[in-house]
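Novice: Residue numbers (the UniProt record's numbering): 1 to 435. Note that beta-carbon positions come from the ideal geometry of N, C-alpha and C, so glycine has one too. Quick one: structure below, then a few questions.
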Ligand SMILES: [Zn+2]
Ligand SMILES: [Zn+2]
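Okay, here's the thing in structure tokens:
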């Protein structure tokens with residue numbers, strides 16, 4: 001109790017002293033004031049003066065009074081009551097309780113703040129660590145691109161050097177042959193000159209022995225155009241087309257797996273377009289086939305590495321697409337969500353885009369994408385969706401599939417009476433580069 005009282009700085013101690021009777025050394029009981037302004041308890045001063053006849057004195061200052069006179073001091077009475085109340089057990093207990101509670105709330109708040117500081121520090125570390133990892137990742141991606149370009153450049157320059165060397169060799173050979181021919185002609189000329197300078201020395205019965213005449217074509221003008229054609233070309237675009245094939249991941253040229261198609265899905269002959277139809281397509285029974293939902297998978301499944309593919313949805317008003325685990329139940333009607341093995345993006349009513357979480361996560365898109373890009377990173381278990389018109393990120397799942405997964409599509413059943421447009425798998429470049 002003393003400790004608790006000491007913890008509260010207040011002038012109560014001195015006030016209590018001021019309100020203490022000098023006779024009983026306790027708080028005043030019915031305080032009265034003498035003519036000298038000193039206060040005492042009424043019982044104390046009465047007892048003190050009891051038996052005294054004639055003048056009385058103040059026990060404190062010894063001032064004499066002719067009679068036993070004092071005044072009740074209501075102000076002091078009220079103050080004494082206040083001090084008494086504020087030092088009562090109940091009051092002290094309350095005060096202690098309040099102190100304890102305030103202290104506890106401070107302690108909790110402090111703990112909360114300290115945790116928050118720790119979280120801030122953890123976050124700082126995480127941001128720095130993830131940032132550094134991402135920097136390394138981005139650098140690696142660009143290094144790969146630079147490497148492709150560097151290799152292409154080296155290859156082109158080496159080829160150019162080889163061709164230049166060949167052209168130089170050709171000219172050199174021609175030059176040497178022609179020089180040889182000139183020397184031989186000169187030998188012949190010397191022989192002929194000798195013969196004609198001294199005709200009397202020989203019987204000019206026949207021409208001197210001459211070397212056979214060497215046939216050499218006259219040097220053609222070098223065909224600069226033929227030499228330059230291959231290099232004076234849209235070199236950047238040609239290189240970019242080659243580079244495109246080396247991208248990792250570049251767009252995968254998917255095809256639909258007809259064996260998985262719901263009987264109301266019609267797949268084009270080249271297996272790159274799927275459209276829902278009213279009539280049931282004749283089909284073989286297959287374990288892989290979706291029988292309840294109007295779904296279809298791609299023929300290409302992935303369980304490692306990073307993969308990206310693009311799908312054209314055009315102005316179709318309703319679709320689902322994304323990734324499905326190989327293990328999904330094809331014969332049941334299931335809500336699409338990661339928990340059931342589907343990582344999807346969906347469109348309803350031509351403008352309501354959602355991520356296939358449970359419940360759906362509505363997405364606010366600036367524009368309606370006509371082409372969607374899907375990125376699957378098997379190691380990072382990430383499934384991301386892009387607006388392939390401008391490559392803006394639409395949504396990313398970070399709890400992607402474990403094990404083998406397939407590109408997933410649902411053309412849904414259209415409500416409209418118009419013939420629904422198909423879902424198309426896009427292949428880049430449209431005309432395959434061979435070799
Ligand atoms: Zn007293
Ligand atoms: Zn006095």
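For a test of your reading of the model: does the CB of residue 114 fall under 7 Å from any non-hydrogen atom of ligand 1? Yes or no.
Specialist: no
Novice: Would you grab the beta carbon distance between residue 366 and residue 337 for me? Rounded to a whole angstrom, and I think it's under 8 Å.
Specialist: The Cβ separation is near 26 Å, so there is no contact.
Novice: In the DSSP assignment, what residue or residues form a beta bridge with residue 309?
Specialist: Residue 309 pairs with 374.
Novice: Just to be sure I understand the criterion: a residue counts if its Cβ is closer than 6 Å to at least one heavy atom of ligand 2. Which residues meet that?
Specialist: 34, 36, 38, 58, 60, 61 and 63
Novice: In chain order, what residues of the same chain have a beta carbon less than 7 Å from the beta carbon of residue 431, not counting five sequence neighbours either side?
Specialist: With a pLDDT of only 49 at residue 431, under 50, the local geometry of the prediction cannot be trusted, and the value read off the model is given with reservation. Contacts found: none.
Novice: Under DSSP, the alpha helix (DSSP H) around residue 235 begins and ends at which residues?
Specialist: 235-246
Novice: So, helix, strand or coil for residue 122, using DSSP?
Specialist: helix
Novice: Can you tell me whether residue 40 sits near ligand 1, meaning its C-beta is under 7 Å from at least one heavy atom of the ligand?
Specialist: yes
Novice: How many Å lie between residue 211 and residue 184 at the Cα?
Specialist: Residue 211 and residue 184 have their C-alpha atoms roughly 7 Å apart.
Novice: Is it true that the stretch 185-193 meets the stretch 145-159, where meeting means three or more beta-carbon pairs spaced less than 8 Å apart?
Specialist: no
Novice: How should residue 412 be labelled, buried or exposed, when 16 other C-beta atoms within 10 angstroms of its C-beta is the threshold for buried?
Specialist: It counts as buried.
Novice: Can you pull the DSSP bridge partners for residue 296?
Specialist: The secondary-structure analysis by DSSP pairs residue 296 across a beta bridge with 409.
Novice: Leaving out the 5 sequence neighbours to the left and right, which residues in its chain are closer than 6 Å to residue 60 when beta-carbon positions are compared?
Specialist: If we look at residue 60 and ignore the five residues flanking it on each side, its Cβ neighbours are 22 and 38.
Novice: To the nearest angstrom, how far is it from the Cα of residue 307 to the Cα of residue 128?
Specialist: 28 Å
Novice: How far does the alpha helix (DSSP H) with residue 43 in it reach, from first residue to last?
Specialist: Element bounds for residue 43: 42-49.
Novice: Would you check if the distance between the CB atom of residue 385 and the CB atom of residue 394 is smaller than 8 Å?
Specialist: Yes.
Novice: Compare the C-alpha of residue 188 against each of 345, 109, 382 and 213 and name the closest.
Specialist: 213
Novice: According to DSSP, is residue 250 helix, strand or coil?
Specialist: Residue state, collapsed to three classes: coil.
Novice: Confirm, please, whether the CB-CB distance from residue 288 to residue 260 is below 8 Å.
Specialist: yes
Novice: Could you tell me if the beta carbon of residue 26 falls within a distance shorter than 7 Å of some heavy atom in ligand 1?
Specialist: yes
Novice: I need the boundaries of the beta strand (DSSP E) containing residue 275, first residue and last residue.
Specialist: Residue 275 -> beta strand (DSSP E) spans 273-276.
Novice: Any C-beta of chain D sitting closer than 8 Å to the C-beta of residue 171?
Specialist: Absence of chain D from the displayed structure is noted, only one protein chain being present.
Novice: Which of the three DSSP states is assigned to residue 421 in this structure?
Specialist: Residue 421 sits in coil when the DSSP states are folded into three classes, being neither helix nor strand.
Novice: Where are the alpha helix (DSSP H) runs, 4 residues long or more, that stay fully inside the stretch 52-101, in chain order?
Specialist: 74-86
Novice: Taking only the alpha-carbon atoms, compute the straight-line gap between residue 164 and residue 240 and give it to the nearest angstrom.
Specialist: Distance between the alpha carbons of residue 164 and residue 240: 25 Å.
Novice: Between residue 388 and residue 359, how many whole angstroms is the CB-CB distance? I'm expecting something under 8 Å.
Specialist: That belief does not hold up - the Cβ atoms of residue 388 and residue 359 are roughly 27 Å apart, past 8 Å.
Novice: State yes or no: is the C-beta of residue 280 within less than 8 Å of the C-beta of residue 295?
Specialist: no
Novice: Helix, strand or coil: which one does DSSP assign to residue 427?
Specialist: coil
Novice: Rounded to a whole number of angstroms, what is the C-alpha to C-alpha distance between residue 424 and residue 124?
Specialist: 44 Å
Novice: Mind reading off the beta-carbon distance from residue 508 to residue 321? Whole number of angstroms is fine, and I expect it under 8 Å.
Specialist: Any property of residue 508 remains undetermined from this structure, which presents the chain solely from 1 to 435.
Novice: Would you decide whether residue 324 is buried or exposed? Buried here means 16 or more other CB atoms lie within 10 Å of its CB.
Specialist: buried
Novice: Tell me residue 387's beta-bridge partners as DSSP assigns them.
Specialist: 372 and 392
Novice: Taking DSSP's pairing of strands, which residues face residue 256 in a bridge?
Specialist: 298
Novice: Can you check DSSP and say which residues form a bridge with residue 266?
Specialist: 275
Novice: I need the straight-line Cα distance from residue 83 to residue 29, nearest angstrom please.
Specialist: 12 Å
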